[in-house]
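> Take a look at the following structure, please.
Numbering (my numbering), first residue to last: 699 to 1129.
Written out as structure tokens, the structure reads:
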């Protein structure tokens, strides 16, 4: 019987550990779990060895057994997931709660229906084997039901993870106290069964309530992002409309310039014509200085933003000096420049007669981007925003930091004496 018990405990431990990984993957990363099933299976095998070694060399106690189980549930998941160490702790503990309550519930039901003393199902016997098999099947059914219902990873915010952690600790302690009470009594009555059933029902309701709140919050965030996306599209359309109006005005004025220059040419007043052309060329360079660096991601953004700046009565001075054949991520450069210039133009539009300066140049093998603009605010906290829709207006700098970080670059922004300076460095862009 000892051999059968050893095999039973080993198989049950391996299955329980595997089910823990399945359960936690729903809230961590289902895709990662599916790709690394072999590693997770190996972790489950190692967990069995660790738990059985602890049982062989240390005296058995319920508390030590639960602590060792939580440790192997948590340790190997942290090794594989790494960045989810906080969520792993909360989810492993809550899974331990589900495991304990499932095991104890099966023991309670078996003891009540069979009329056998409660401790019979804890000792090495055929009754314990039967209870373990039933418990494992019920646990597997519940976990895989949750796993298949959630086809993709279900994200949970920190507040809900902490709520699960606190709930798990409270109910787990209560479960242990009730379990010790059942052991001391030796038998289970209907009143005990009713109390235990209430605790199980309360735990399930609390769990699903927290999950429901987390899902509702996730849906709200997704809807908010969709609304933000629509607002940004409308903003883009408005910017295009303003740019179109600027170009229409330029074309309209250009017609009158042509008429005047034709009159000067026909009258032979070439000196006045030269002076007029020189004056207009200066205005063109100042207002619509077309940037032609040879890099589409840079040229398209700067030239379009110059038109936008003009619609806000801003002057944009651009100094772009770049060699050929640089290895640039045009999409990332366009994202960084677009967001920084949007911020600069929005802030500069509030300051009468202000300018926006754009400098893009090389320092050794590194690409440097420096954008300056005047602002009416002082001592700005660039991690926050004073705008009413804080989530939207925080996206610009978050996007810049994300794009720069993906390319292992550096980004800084500061305000000094009413001038905001944003500085970006992309390293080793030369072939």
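We put the beta carbon where it would ideally sit given N, CA and C, even for glycine.
Computed from a prediction, not measured in an experiment: that's the story for all the values here.
Thinking just about the alpha-carbon of each residue, which of 989, 714, 843 is nearest to the one in residue 744?
By 1-based counting over the chain shown, the position of residue 744 is 46. Closest option to residue 744, Cα to Cα, is 714.
> So residue 1107 and residue 1124 are supposed to be a Cβ contact under 8 Å. How far apart are they, rounded?
To locate residue 1107, count along the chain shown from 1; it is residue 409. To locate residue 1124, count along the chain shown from 1; it is residue 426. So it is a contact: roughly 4 Å between Cβ atoms.
> How would you call residue 802, buried or exposed, if buried means at least 16 neighbouring beta carbons within 10 angstroms?
As a position in the chain shown, residue 802 is number 104, starting the count at 1. Label assigned to residue 802: buried.
> Of all the options 1023, 1126, 1034, which has the alpha carbon lying nearest to the alpha carbon of residue 1062?
If you number the chain shown from 1, residue 1062 lands on position 364. Residue 1126 is the option with its Cα nearest to residue 1062.
> Going by the beta-carbon positions, is the gap between residue 959 and residue 1020 smaller than 8 Å?
As a working note, residue 959 is residue 261 in the chain shown. As a working note, residue 1020 is residue 322 in the chain shown. Not a contact, by the Cβ cut-off of 8 Å.
> Just to confirm before moving on: does the CB-CB distance between residue 1058 and residue 996 stay below 8 Å?
Walking along the chain shown from the start, residue 1058 turns up at place 360. Walking along the chain shown from the start, residue 996 turns up at place 298. Taking 8 Å as the Cβ cut-off, residue 1058 and residue 996 qualify as a contacting pair.
> Beta strand (DSSP E) containing residue 1064: first to last residue?
Translated into positions along the chain shown, residue 1064 becomes position 366. Per DSSP, residue 1064 belongs to the beta strand (DSSP E) from 1064-1072.
> What separation, rounded to the nearest whole angstrom, lies between the Cα atoms of residue 776 and residue 1042?
Here residue 776 corresponds to residue number 78 of the chain shown, with the count starting at 1. Here residue 1042 corresponds to residue number 344 of the chain shown, with the count starting at 1. Spanning the two alpha carbons is a distance of roughly 42 Å.
> Using the three-state DSSP reduction, which class does residue 1049 fall into: helix, strand or coil?
Position 351 of the chain shown, counted from the start, is the residue given in the question as residue 1049. In the structure shown, residue 1049 sits in coil (DSSP, three-state: anything other than H, G, I, E or B).
> Tell me, please, whether the region 1045-1055 touches the region 1021-1032 by the rule of three or more beta-carbon pairs shorter than 8 Å.
No, the region 1045-1055 does not touch the region 1021-1032.
> Determine the direct distance from the alpha carbon of residue 1064 to that of residue 1128, and round the result to whole angstroms.
For the purposes of this step, residue 1128 is identified with residue 430 of the chain shown, where counting begins at 1. For the purposes of this step, residue 1064 is identified with residue 366 of the chain shown, where counting begins at 1. Spanning the two alpha carbons is a distance of roughly 7 Å.
> Once the 5 residues before and after residue 786 are set aside, which same chain residues still bring their CB inside 8 Å of it?
As a first step, residue 786 must be located in the chain shown, where it is residue number 88. So the qualifying residues of the chain are 722, 726, 772, 775, 776, 779.
> Rounded to whole angstroms, what's the CA-CA distance from residue 1084 to residue 868? Just pull it up for me.
Start at 1 with the first residue of the chain shown, and residue 1084 comes out as number 386. Start at 1 with the first residue of the chain shown, and residue 868 comes out as number 170. Its pLDDT being 46, under 50, residue 1084 is placed unreliably by the model, and nothing is read from it.
> Can you pull the DSSP bridge partners for residue 720?
On the chain shown, position 22 is the one that residue 720 refers to. According to DSSP, which records beta bridges pairwise, residue 720 is partnered with nothing at all.
> Identify whether residue 832 lies in helix, strand or coil by the three-state DSSP scheme.
Sequence index remark: in the chain shown, residue 832 carries index 134 (1-based). Helix, per DSSP.
> Can you find the residues in the same chain that come closer than 8 Å, C-beta to C-beta, to residue 935, ignoring five residues on each side of it along the sequence?
Looking up residue 935 in the chain shown gives position 237. Same-chain partners within the cutoff: there are none.
> My output table needs one value for residue 1111: the three-state DSSP class, helix, strand or coil.
In the chain shown, the residue the question calls residue 1111 occupies position 413. The answer is strand: DSSP assigns residue 1111 an E or B state.
> Around the C-beta of residue 1004, are 16 or more other C-beta atoms found within 10 angstroms, so that it is buried, or is it exposed?
As a working mapping, residue 1004 is identified with position 306 in the chain shown. It counts as buried.
> Along the chain, where does the beta strand (DSSP E) containing residue 1001 start, and where does it finish?
Walking along the chain shown from the start, residue 1001 turns up at place 303. Where residue 1001 is concerned, there is no enclosing beta strand (DSSP E), although the alpha helix (DSSP H) it sits in stretches over 994-1009.
> In whole angstroms, what is the alpha-carbon distance linking residue 947 and residue 954?
To locate residue 947, count along the chain shown from 1; it is residue 249. To locate residue 954, count along the chain shown from 1; it is residue 256. The straight-line gap from Cα to Cα measures roughly 11 Å.
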